[in-house]
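According to our numbering, the stretch in the sequence shown is residues 174 to 463, in order.
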Amino acid sequence: MSKSRIIDELEGAISPLLAAALLFLLPMDLFLVLTALAFVVSALRTGMARLPDLGRSGADYHWRRSFAGIARFHSDATLRPVTWLMVAVAAGTAMVMTNTPALVEAAGDFEASAIALAFGAFGVGAVVGAIAVVWLGRHLSERATRRAGAIIITTGLLGGIPQQSFFVLVLLWFLIGAGVTLVQTPAAAIIRRSAGEHGLVTLYGAGWSVQSLILVFGFALAGWLAAQTGASTAFLVLAALSAGATTIAWRVWRTVGPDGELNGIAEEYRVLWSWIQTKQLHRRTGPEDG
């Protein structure tokens, strides 16, 4: 997962540079033809990939399967922190992706290349975070790594509340990029363990759906706040969201052991809640026998 994240960030930076270099060397028509051929090669490679056999077919079955995966992120105690930390990731990512051009312009009279540099700092931070995950994995637990990432995201957002210079903004974007990767990369292993031998595709798909939905709201909120109330308010609100989500994830972690089993009071609560649901079911279906 760390290598995948590094490749993804490098591709986002290298592809535009490669395209610009080719435009200097090749005429536009040939450049477009080569681009089309690259899409064809990509499609062929995708068609040759071995995909898992999903077995049963039918629209109703796939709909039920999709919603069941999403419901797992709420019902499974080991996955609920994953969902809450997605909020922290969305808060940091949305602020960077939505408001960078306006923030760079407010920081001073910079050229358009400064915007690319700011985005690049976020990408470099993500690469450094992906590399750090490998090292941290030998010394810290997944929970500690993800908690550190969420705290870094929150710190980066808090640092933007006072109007900052461009160079401080670049540093904050670097920190947020690193924090995002520290949170996201270990999540794949958590989802894999929760899925077990079956349902991995469903759970991964549900995770992407939940994350995308949270990002949609995050982008909308970050853009609206910055436009209506100013960047400082946007930083403050998103930092509060990130901090609140991190706190909730930490509280859920306290009820779940490292092996995913519920601890003490949480286990008693689960048993009690199961008993209440059983009694309610009996009331709906009729009086108990005997």
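Here a beta-carbon is modelled for each residue, glycine too, at the ideal position from N, C-alpha and C.
Nearest-angstrom Cα separation, counted from G281 out to I363: Roughly 43 Å separates the two Cα atoms.
Applying the criterion that 16 or more other CB atoms from any shown protein chain within 10 Å of the CB defines a buried residue, is I180 buried or exposed? Classified as exposed, I180 has fewer than 16 neighbouring CB atoms from the shown chains inside 10 Å of its CB.
Tell me which same chain residues have a C-beta within less than 7 Å of the C-beta of V343, skipping the five on either side of it? So the list reads L290, A291 and A294, once near-sequence residues are dropped.
Spatial neighbours of S338 in its chain, beta-carbon cut-off 8 Å, leaving aside the 5 residues before and after: A280 and G281
Between which two residues does the alpha helix (DSSP H) carrying A416 extend? A404 to R427
Hey, is the segment 252-262 in contact with the segment 310-330, meaning 3+ C-beta pairs nearer than 8 Å? yes
Please classify Y442 as buried or exposed, where buried requires at least 16 other C-beta atoms within 10 Å of its C-beta. Note on Y442: pLDDT 47, under 50, position unreliable in the model; the coordinate value appears next. Y442 is exposed by the Cβ-count criterion.
How do the segment 347-357 and the segment 296-313 stand: do at least 3 beta-carbon pairs fall below 8 Å, yes or no? Taking 8 Å as the limit for Cβ pairs, the verdict is that the segment 296-313 does touch the segment 347-357.
Pull up the CB-CB distance for L276 and S415, whole angstroms please, since I reckon it's below 8 Å. With 8 Å as the limit, L276 and S415 do not qualify as a contact, their Cβ atoms being about 17 Å apart.
Of all the options R427, F246, V297 and A267, which has the alpha carbon lying nearest to the alpha carbon of W381? F246
Give me the Cα-Cα distance between L183 and G302, rounded to the nearest whole angstrom. 13 Å
Compute the distance between the beta-carbons of L411 and G391, then report whether it is under 9 Å. yes
Since I believe I334 is in contact with G298 (beta carbons under 8 Å), could you give me their beta-carbon distance rounded to a whole number of angstroms? Actually they are not in contact, since the Cβ atoms of G298 and I334 sit about 19 Å apart, beyond 8 Å.
Which residues mark the beginning and the end of the alpha helix (DSSP H) in which G329 is found? E315 to G332
How close, in whole Å, do the beta carbons of I326 and A264 come, if the pair is a contact with beta carbons under 8 Å? 7 Å
Buried/exposed call for L376, threshold 16 Cβ in 10 Å: By the neighbour-count rule (16 or more Cβ atoms within 10 Å), L376 is buried.
Let me know if S367 comes out buried or exposed under the rule of 16 or more other beta-carbons within 10 Å of its beta-carbon. Its Cβ being crowded by 16 or more others within 10 Å, S367 is buried.
Rounded C-alpha distance that separates A194 from W397: 36 Å
Is it buried or exposed, M464, if we count other Cβ atoms within 10 angstroms and call 16 or more buried? Residue 464 lies beyond the range of the chain shown here (174 to 463); nothing can be said about it.
For P335, which of helix, strand or coil comes out of DSSP? coil
What residue does the alpha helix (DSSP H) around G293 start on, and which one ends it? S286 to L309
Where does L252 fall in DSSP's three states? coil
In angstroms with no decimal places, state the Cα-to-Cα distance between T402 and N272. 13 Å
Pop quiz: M268 and A395 are said to be a contact at Cβ under 8 Å. What is the actual Cβ separation, rounded to whole angstroms? 5 Å
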